[in-house]
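Participant: Each step along the sequence shown adds one to the number in full-length UniProt numbering, with nothing skipped, and position 127 is 127. Dumping the structure here so I can ask a few things about it.
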Amino acid sequence: MGTRNLTIVYYKGKYRLCQYGQWDGDSQGLTIYNFLLDPANITKLEKVLDAGDSLIHTPTDEEYKAWGEEMFAAQMAWNQRPRDPDTWELFQVSPISLSRDTGANILNLLVQATEQEPVKVKFWNMKFITDTLCCEWTWVVDLDKKVLEAYTSWEYDFIEKKEDSRFAELFGDEELPGLVKRYEFGKLPESRKAMLKDFEVDRKDE
Numbered sequence: 001m002g003t004r005n006l007t008i009v010y011y012k013g014k015y016r017l018c019q020y021g022q023w024d025g026d027s028q029g030l031t032i033y034n035f036l037l038d039p040a041n042i043t044k045l046e047k048v049l050d051a052g053d054s055l056i057h058t059p060t061d062e063e064y065k066a067w068g069e070e071m072f073a074a075q076m077a078w079n080q081r082p083r084d085p086d087t088w089e090l091f092q093v094s095p096i097s098l099s100r101d102t103g104a105n106i107l108n109l110l111v112q113a114t115e116q117e118p119v120k121v122k123f124w125n126m127k128f129i130t131d132t133l134c135c136e137w138t139w140v141v142d143l144d145k146k147v148l149e150a151y152t153s154w155e156y157d158f159i160e161k162k163e164d165s166r167f168a169e170l171f172g173d174e175e176l177p178g179l180v181k182r183y184e185f186g187k188l189p190e191s192r193k194a195m196l197k198d199f200e201v202d203r204k205d206e
């Protein structure tokens, strides 16, 4: 079952990345956590964002639509191929950076970008955040304040604060997700297990 989510990067006063993801939006935080554990990744990400078009290619709406049609046709052909009943293979979207399966792993792809192989990135419409029925989780990597923020619209027991949302200035009085947790880069949980504990359903039962 899909759990739709967004991975967002804020840098130099602007939202520079808004990556749509389809799977397990809560656990995307672990991918980001692992990424942020290495300070070199943060430096590399900032350099890639500073380089702009030389390392990141943002397809136009027409290019993205054409790519989607190409991938749909390729997947239909893949589904109709002769199959070996003893093996299981998944269709691979190319480039993987545009795949809905990539999610927060886009950060790892971005820091590997080169001028010879820039990363293609689709900036998802951030208004999706206000679709609180469909957008279940949003992760914000704020490179200016050096914090990681987790927001949700579904797990109401997790929400600590809905006022003063960073998204209010963008979307005014529309329904917005609530803040679950804010981590400073220098004060991340000591382990994956410790971070997961922050998102255990029973942690607020008392």
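All C-beta atoms, glycine included, are put in the ideal place defined by N, C-alpha and C.
Please state whether DSSP places D53 in a helix, a strand or coil.
Facilitator: Your numbering for residue 53 matches position 53 in the sequence shown. Correct three-state label for D53: helix.
Participant: With a threshold of 16 other CB atoms inside 10 Å of the CB of R192, please say whether the residue is buried or exposed.
Facilitator: As a first step, residue 192 must be located in the sequence shown, where it is residue number 192. That one is exposed.
Participant: So, with DSSP's three-state summary, where would you put A178?
Facilitator: Position 178 of the sequence shown, counted from the first residue, corresponds to residue 178. It is worth fixing the name first, because residue 178 is Gly in this sequence and not Ala. Strand.
Participant: Where do the N-terminal and C-terminal ends of the alpha helix (DSSP H) with K193 fall, by residue?
Facilitator: The residue you call residue 193 lines up with position 193 of the sequence shown. Run containing K193: 192 to 197, per the alpha helix (DSSP H) assignment.
Participant: Just to confirm my understanding: we take A104, look at its own chain, exclude 5 residues before and 5 after, and list those with CB closer than 7 Å. What are they?
Facilitator: Mapped onto the sequence shown, residue 104 falls at position 104. Closer than 7 Å at Cβ, skipping near neighbours: T7, G21, Q28, T31, I32, W139.
Participant: Whole angstroms is fine: what's the gap from D50's alpha carbon to N108's?
Facilitator: Numbered from its first residue, the sequence shown carries residue 50 at position 50. Numbered from its first residue, the sequence shown carries residue 108 at position 108. So the alpha carbons of these two residues sit roughly 16 Å apart.
Participant: Less than 8 Å separating the beta-carbons of E10 and L179?
Facilitator: Numbered from 1 along the sequence shown, position 10 holds the residue referred to as residue 10. Numbered from 1 along the sequence shown, position 179 holds the residue referred to as residue 179. Here the sequence assigns Tyr to residue 10, which means Glu is not the residue at that position. Going by C-beta atoms, Y10 is not nearer than 8 Å to L179.
Participant: With V121 and L17 assumed to form a contact (beta carbons below 8 Å), what rounded beta-carbon distance in angstroms separates them?
Facilitator: Start at 1 with the first residue of the sequence shown, and residue 121 comes out as number 121. Start at 1 with the first residue of the sequence shown, and residue 17 comes out as number 17. So it is a contact: roughly 7 Å between Cβ atoms.
Participant: Got a sec? Which residues, its chain only, sit under 6 Å from F185 by beta carbon, not counting five neighbours each side?
Facilitator: Position 185 of the sequence shown, counted from the start, is the residue given in the question as residue 185. Excluding residues within five positions, the ones whose Cβ falls inside 6 Å are L36, K146.
Participant: Could you tell me the alpha carbon to alpha carbon distance between A73 and Y183, rounded to whole angstroms?
Facilitator: One-based indexing of the sequence shown puts residue 73 at position 73. One-based indexing of the sequence shown puts residue 183 at position 183. Approximately 42 Å between the Cα atoms of the pair.
Participant: In terms of alpha-carbon separation, which member of E70, Y15, G68, K65 lies closest to E46?
Facilitator: As a first step, residue 46 is located in the sequence shown; it is residue number 46 there, counting from the start. The candidate whose alpha carbon is nearest that of E46 is Y15.
Participant: With distances taken between CB atoms, is the gap from I42 to V48 smaller than 8 Å?
Facilitator: Sequence index remark: in the sequence shown, residue 42 carries index 42 (1-based). Sequence index remark: in the sequence shown, residue 48 carries index 48 (1-based). Cβ atoms of I42 and V48: not closer than 8 Å.
Participant: Rounded to a whole number of angstroms, what is the C-alpha to C-alpha distance between Y64 and T58?
Facilitator: Looking up residue 64 in the sequence shown gives position 64. Looking up residue 58 in the sequence shown gives position 58. C-alpha separation (whole angstroms): 9 Å.
Participant: Could you tell me which of V111, E69, M71, D53 sits nearest to P39, measuring between CA atoms?
Facilitator: Within the sequence shown, the letter at position 39 stands for residue 39. Considering only alpha carbons, the answer is V111.
Participant: Going along the chain, which unbroken runs of the beta strand (DSSP E) with 3 or more residues stay wholly within the segment 5 to 68?
Facilitator: Taking only runs of at least 3 residues, the beta strand (DSSP E) segments lying wholly in the segment 5 to 68 are 5 to 11, 14 to 21.
Participant: With DSSP run on the structure shown, which of helix, strand or coil describes F91?
Facilitator: What you label residue 91 is simply residue 91 of the sequence shown in a count that begins at 1. Unreliable placement is indicated for F91, whose pLDDT of 49 sits below 50; the coordinate value is still reported in the next sentence. Three-state DSSP puts F91 in coil, outside helix and strand.
Participant: Is I129 close to chain B, meaning its C-beta is less than 8 Å from at least one C-beta of that chain?
Facilitator: Absent from the structure: chain B. Only one protein chain is present.
Participant: Any chance you could list the beta strand (DSSP E) runs of at least 3 consecutive residues sitting entirely within the segment 96 to 131, in chain order?
Facilitator: Runs found: none.
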